[in-house]
Amino acid sequence: MSPIVPGQASLGRMHMNQPHILIVDDDPIFSELLKEVLQEQDYAISLAGNGRQALEQLQRGRPDLVLLDVTMPDMSGLQILSQVRTEHPEITVVMISGQSTIKDAVEAIKLGAYDFLEKPVDAQRVLLTVKNTLNMIRCRRERENDLRVNLERYGMIGISPAMQRAFALIDALAPTNAPVLITGESGTGKELAARALHNLSRRKNDPFVQINCAAIPDTLVESELFGYERGAFTDARQAKKGRFQLAQNGTLFLDEIGDLSLIAQSKILLALEQQEVYPLGGGKSEKLDVRFIFATNQDLEKMLAEGRFRQDLFYRINVASITLVPLRERREDIVPMAEYFLRRFEEIYPGPPKSLTDDGKSYLLSMAWEGNVRQVRNVMEKISILSNADKITARLLANILEYKGQEFNQPSPTHETLHAARENFERTYIQSILNELNGNVQQTAAVLNLNRSHLYRKLEQLGIEIGKSPSAG
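Counted from 1, the sequence shown has number 348 at position 350 by my numbering; the numbering is strictly sequential.
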C-alpha cells in the first residue's frame, strides 16, 4: 500500500510568507511523496533522512513546522522530539508513525508534539493537519507580537479582552488633560497604567511624580503635598517644594487616594478646584499646570455611603476611570506574564534559560493569584533564584512555593546567601522526590531531567544518602 493515500489535495492556499516545513523520515519514497503533496500548496520543503541530519538542519535554519517519524535508524523520533523541544522550543513538531501505539502518541504529546499522524497518511488529512497547525503558529506569532507591542507601549502584559479594554481607555484618555481614577486590587498594575497615561501624553517629557497617600499622616499632608517656606515651623530651615509643585507641567499620581482622612481629602479638593496651592508659611499662592491621576484598591462608592469619602472629591477625581480586573478574571494573561518574568530574571540571576512545561502552565492557571501581577513576579523570581532546572514543572512549582513556607520577599531568619538558599532548596526538593520514589535513583533522575551520573554527583555534593531523610542523621 502506498504510504500516502490520494485525496483531494487542495485546501486553499495559506496567505502568509511561504511556510517552511522539514520532513524527517528514513523512508525516501514516503518523504518524496509527502513533499510533492505539500509543494502543491506552495510550502517550502526540506528533507532529512535521520536524526543527525535533522538536528544539523535545525542549527542552520528554523522551519515553521517539523513532520517527524517516530521510528528512525540512529535515534528515535521521541529522542529527536525531546532534543528539538529543549534546544528549539519555538519550533512546532507533528509526529508521524506507521507502527504507532497509543503509548507512543501519549508520550509524544507529553514531550511537546502538537499532533500525531498515522501511516498510511491520507493526503487530505495531512494537508488539513498542516494547514491547521500553521494557522495555530500564525495566531501564536500574532499573539506574541501583540504582547511585545503592549509591553513597549503600555509597560504591561495582557492579551485578554479585559486588558484590551484597559489599553483602549489609556489610548483614549492619555492625550487629554482630564483627571483619571484607576481602580483595582493590590498588585493589578495601577502604577503601570498611570505611567502609561503619562508616557503617552503631551506631558511625557515633564515630571511624573508619585505619592502614596496611605503613607502621609494628617499632620504632614500640607507640607508634603504643598511644600513650605523657610521658617514655616521649627525644623523648616530652608524652603521645600511639595509634590504638587514638583509635578508642575507634568503628572501627579496620587496612589491609594481612599486611605486619606476626611481632613486630608478636603485639602486636596481645594487645590484641585482652585488649581493652585499655598505653601506653609507663605502668603502667595502658586498656580498649577498638572495632570492628576488617582488610584485606589478600595470601593469608593461604598466609602461614600459610609461617610468615609467626600462626595465632592469623588466626583472631582472620577471624571474618567479605568478598572484593572484581578488576574483570576483574566487567566489567559497568566502564562504569558510568567514567561515574560522568567525571561527578565534570566538576565539577572545565574542558571540555564527556563521554560514552563505544559503541566507547569496548568499549575499556574490553577492558582488563585490573590497578589495578582505582583505575586506572579514574586513566584518567577523565586524560581529563578532557587532552581537550576531548565524545565519548570508542576512538581517543581509546588515544591518551590512550599519552600520554608514563606514569600521570597521576606528574608529568612538566618539571612542565608543565594548559594546556600539554592542548595537548601535542591536538597529538600531532591530528597522529597527520592522519598516519593522509594529511593529509585533512575526514576528520580528521569523526573529531574538529569542523567544518573549527574544525579549521583549532586547527591554527594548535597550530602544526601539514598534511603535516608535529611533528619535521619
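Virtual Cβ for every residue (Gly too), placed ideally from N, Cα, C.
Between the stretch 79 to 91 and the stretch 100 to 117, the count of Cβ pairs shorter than 8 Å is three or higher; the stretches touch. Per DSSP, the continuous alpha helix (DSSP H) segment holding His452 begins and ends at 450 to 460. If one requires a minimum length of 3 residues, the beta strand (DSSP E) runs lying completely within the stretch 286 to 361 are 289 to 294, 318 to 322, in chain order. For Ala160, the enclosing alpha helix (DSSP H) starts and ends at 159 to 171. Take the alpha-carbon of Gly256 and the one of Leu298: they are about 7 Å apart. Restricting attention to beta strand (DSSP E) runs no shorter than 3 residues, the stretch 166 to 242 encloses them at 178 to 182, 206 to 210, ordered along the chain. Measuring C-alpha to C-alpha distances from Val323 to each of Pro159, Gln57, Pro87 identifies Pro159 as the nearest. By alpha-carbon distance to Arg193, the top candidate from Ile291, Arg139, Phe307 is Ile291.
The C-alpha of Pro177 is placed about 17 Å away from the C-alpha of Cys211. Segment contact: the stretch 190 to 208 against the stretch 238 to 253, three or more CB-CB distances shorter than 8 Å; contact assigned. For Glu88, no beta strand (DSSP E) encloses it, and the DSSP letter there is neither H nor E. Under the 8 Å Cβ criterion, the stretch 311 to 321 does not count as touching the stretch 345 to 359, having fewer than three qualifying pairs. By the C-beta density criterion, Ser29 is buried, having at least 16 other C-beta atoms within 10 angstroms. For Glu116, there is no enclosing alpha helix (DSSP H); the enclosing beta strand (DSSP E) covers residues 113 to 116. Rounded to the nearest angstrom, the gap between the Cα atoms of Val64 and His86 is 11 Å. Pairing Leu325 with Val371 gives a Cβ-Cβ distance under 8 Å.
Counting along the chain, Ser44 sits inside the beta strand (DSSP E) bounded by residues 42 to 46. Judged by DSSP secondary structure, Asp24 falls outside any alpha helix (DSSP H); it is assigned neither H nor E. Bounds of the alpha helix (DSSP H) holding Val128 are 121 to 152. For Leu66, the enclosing beta strand (DSSP E) covers residues 63 to 67. Here the stretch 275 to 285 does not lie against the stretch 128 to 145, with fewer than 3 beta-carbon pairs under 8 Å apart. Here Glu284 is bridged, per DSSP, to Val275. About 34 Å separates the beta carbon of Gly182 from that of Tyr226, a gap too long to meet the 8 Å contact definition.
Three or more pairs of CB atoms, one per stretch, sit closer than 8 Å, so the stretch 301 to 317 contacts the stretch 258 to 276. Our two residues, Val119 and Pro61, have alpha carbons roughly 21 Å apart in a direct line.
The C-alpha of Asn422 is placed about 27 Å away from the C-alpha of Thr84. Shown here, Ser259 sits in coil according to DSSP, grouped into three states, outside any helix or strand.
Each of Gly358, Ser74, Ala237 was checked against the Cα of Lys389, and the nearest Cα belongs to Gly358. CA-CA distance, Asn148 to Ile168, rounds to 12 Å. Excluding residues up to 5 positions away in sequence, Ile157 lie with their Cβ nearer than 7 Å to the Cβ of Arg141 in the same chain.
DSSP places Ile390 within a strand segment (E or B) once states are collapsed to three.
With a 10 Å radius around the Cβ and a threshold of 16 neighbouring Cβ atoms, Asp216 comes out exposed. Scanning its chain for C-beta atoms nearer than 6 Å, with the 5 sequence neighbours on each side dropped, one finds around Met335 the residues Ile155, Val374, in chain order.
Around the beta carbon of Lys188, 16 or more other beta carbons lie within 10 angstroms, which makes this residue buried. Around the beta carbon of Gln39, 16 or more other beta carbons sit within 10 angstroms, so the residue counts as buried.
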